[in-house]
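Everything below concerns the one structure shown next.
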Amino acid sequence: MNKLLPTHYKLYNYLHSAILFAGMVVLLCITGWLLAGPSGIAWFLLAGALIFISASRLTPQIILRLHRAKILQPGDAPRLYEVITKLAERAKVKQIPVLYYIPGSMINAFTTGLNKSAVIALSDGMLRQLNTRELTGVLAHEISHISSNDLFVMLLADVISRLTSIMAFAGYILIWIYIPQFILMDIKVPWMLLLVLTMAPSFSLLMQMALSRAHEFNADIEAAKLTGDPLGLASALEKIEYYQGGWIERIFIPYRRMREPALLRSHPLMLDRVNRLKELASQMQPSGHFFDSSEKHDRVQFPSPEKVSPGRFSGLWR
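The C-terminal residue of the sequence shown carries number 318 in the numbering used here, and the numbering is unbroken.
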């Protein structure tokens, strides 16, 4: 079987994403038209635009507050900012994302916000468990989301999915209205309308999850190109997967816990991502990136959690 080169992976993921996003828009338009005719499409698109503008302004701060995130200044973590600065330059991101620190042992990282407001949050567990090479891969993955405008696309997809759910609620109301009339007055029930309105949210959600998985794969590929080191990110993903379970699972059934079906996942299986990164590594030549030295294998030392005073990050990535 012919192996896909990184460029082909990227083109395939972009095509896949375009088809899925177009499907969500078409589904929204169909449900709007069935519910209120041509004017329904215009009204729901207008409502979607207003919701999108509001969500783009409010969502980042809400998410950060929910995670009790605290801003990391360059003086708090100079080496971490050195990595993110070089990655941002390579990705041609005009503004270096602000870094946030999330307390807690869970290994987690995420990006939120749009364009200049984009920020990257890293958990304490991730900073302590991953070494320099692995953290570089994770940060490259998050930078790739920013440079590829994934946050914009996924926020728009979320708005479309929510609008479709609102129309489904209207469908449920129509069911209660039409069925009694059908029984008592022999009125014809618009079964096609009811069927579409009730099924549309599920299909929209499935397409949204598939779109998210495609963007995750694409961010992995872009991260590998930024660092020239696919195995660094692969190692980080393997370690994240390993630490997701409890200590009993890690001893007796590592990598074998029950998982939800692939269609119901917002992220691809770690094994699939790791295998694809390893396949990329076998095709890519060393690029001479800024962590080619042995430093990328060193483990960064952090103070124990009880020694870190609230609101301070002394010792992190110095």
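C-beta: ideal position from N, C-alpha, C; glycine also.
Bear in mind that the values here come from a model prediction, so they are computed numbers and not experimental data.
Assign residue i to one of two classes, buried (16 or more other C-beta atoms within 10 Å of its C-beta) or exposed (fewer than that).
{"i": "S282", "result": "exposed"}
{"i": "Y172", "result": "exposed"}
{"i": "G32", "result": "buried"}
{"i": "S148", "result": "buried"}
{"i": "V83", "result": "buried"}
{"i": "F269", "result": "In the sequence as presented, Phe is not what sits at residue 269; that position holds Leu. Answer is exposed; the Cβ neighbour count stays below 16."}
{"i": "R319", "result": "With the chain covering only 1 through 318, there is no way to say anything about residue 319."}
{"i": "P60", "result": "buried"}
{"i": "F44", "result": "buried"}
{"i": "M185", "result": "exposed"}
{"i": "E89", "result": "exposed"}
{"i": "A49", "result": "exposed"}
{"i": "K278", "result": "exposed"}
{"i": "R65", "result": "exposed"}
{"i": "A42", "result": "exposed"}
{"i": "R68", "result": "exposed"}
{"i": "S17", "result": "buried"}
{"i": "E135", "result": "Position check: residue 135 holds Leu in this sequence, whereas Glu was assumed. Under this definition L135 is a buried residue."}
{"i": "E142", "result": "buried"}
Taking C-alpha atoms, which residue in the options lies nearest to residue i?
{"i": "L127", "options": "L155, R79 and S148", "result": "R79"}
{"i": "V119", "options": "M154, P103, K70 and G75", "result": "K70"}
{"i": "A22", "options": "I96, A210, T132 and A109", "result": "A210"}
{"i": "I107", "options": "I160, G48, N131 and M185", "result": "N131"}
{"i": "K116", "options": "D124, K86, K92 and R133", "result": "K92"}
{"i": "G40", "options": "L28, T111, A49 and L50", "result": "L28"}
{"i": "Y81", "options": "D220, A36 and P97", "result": "P97"}
{"i": "L197", "options": "L20, S17 and L35", "result": "L35"}
{"i": "A47", "options": "M192, L87 and L156", "result": "L156"}
{"i": "Q95", "options": "L195, R65, L280 and I146", "result": "I146"}
{"i": "F217", "options": "Y178, L195 and R276", "result": "R276"}
{"i": "R133", "options": "Y14, L20 and L87", "result": "L87"}
{"i": "L20", "options": "P38, A109, M154 and F110", "result": "M154"}
Report back the beta-carbon spacing between residue i and residue j to the nearest angstrom; my notes put them in contact at under 8 Å.
{"i": "P201", "j": "S144", "result": "Contact doesn't hold; Cβ gap of about 30 Å is too wide."}
{"i": "L233", "j": "A168", "result": "Rounded, the Cβ-Cβ distance is 38 Å, inconsistent with contact."}
{"i": "D272", "j": "A219", "result": "Not really, about 14 Å apart at Cβ, beyond 8 Å."}
{"i": "I51", "j": "V159", "result": "5 Å"}
Please list, in chain order, all residues of the same chain as residue i whose beta carbon is under 7 Å from its beta carbon, the five residues on each side excluded.
{"i": "W247", "result": "The predicted position of W247 is uncertain, since its pLDDT is 48 and thus under 50; a value taken from the coordinates is nonetheless stated next. Excluding sequence neighbours, W247 sits near nothing in its chain."}
{"i": "F152", "result": "L114"}
{"i": "H137", "result": "The question names His, but residue 137 in the sequence shown is Gly. The residues are A223, T227, D229, G232, L233 and A236."}
{"i": "Q129", "result": "I107, K239 and Y243"}
{"i": "V274", "result": "A234, L237 and E238"}
{"i": "P103", "result": "R68 and D124"}
{"i": "R250", "result": "Since pLDDT at R250 reaches only 46, below the 50 mark, its modelled position is unreliable, and the value read off the structure follows with that caveat. Hits under 7 Å: Y242."}
Residues in the same chain with beta-carbon distance under 8 Å from residue i, minus the five sequence neighbours each way, listed in chain order, please.
{"i": "L99", "result": "I71, L72, A77, L80, Y81, I84, V119, I120, A121 and L122"}
{"i": "A170", "result": "L35 and L197"}
{"i": "P74", "result": "Y81"}
{"i": "I175", "result": "L194 and T198"}
{"i": "I30", "result": "V196 and A200"}
{"i": "Y14", "result": "N218"}
{"i": "M53", "result": "First, the residue type needs correcting, since residue 53 is Ile and not Met in the sequence shown. Correct list: empty, nothing qualifies."}
{"i": "T112", "result": "T59, P60, I63, L64, A118, V119, A121 and L151"}
For residue i, collect the residues of the same chain with a Cβ closer than 6 Å to its Cβ; drop the 5 residues on either side in sequence, then sort them by chain order.
{"i": "S204", "result": "M24, L27, S161 and T164"}
{"i": "S266", "result": "M209 and S212"}
{"i": "S325", "result": "With the chain covering 1 to 318 only, the question about residue 325 has no answer from this structure."}
{"i": "H215", "result": "D150"}
Could you tell me whether any Cβ in chain D is nearer than 9 Å to the Cβ of residue i?
{"i": "F217", "result": "The displayed structure is made up of one protein chain only, and chain D is not part of it."}
Inside the segment 115-187 only - beta strand (DSSP E) runs reaching at least 3 residues: Correct list: 119-123.
At what residue ranges does the segment 44-94 contain a whole run of the beta strand (DSSP E), taking only runs of 3 or more? Runs of the beta strand (DSSP E) lying entirely within the segment 44-94, each at least 3 residues long, are 70-72 in chain order.
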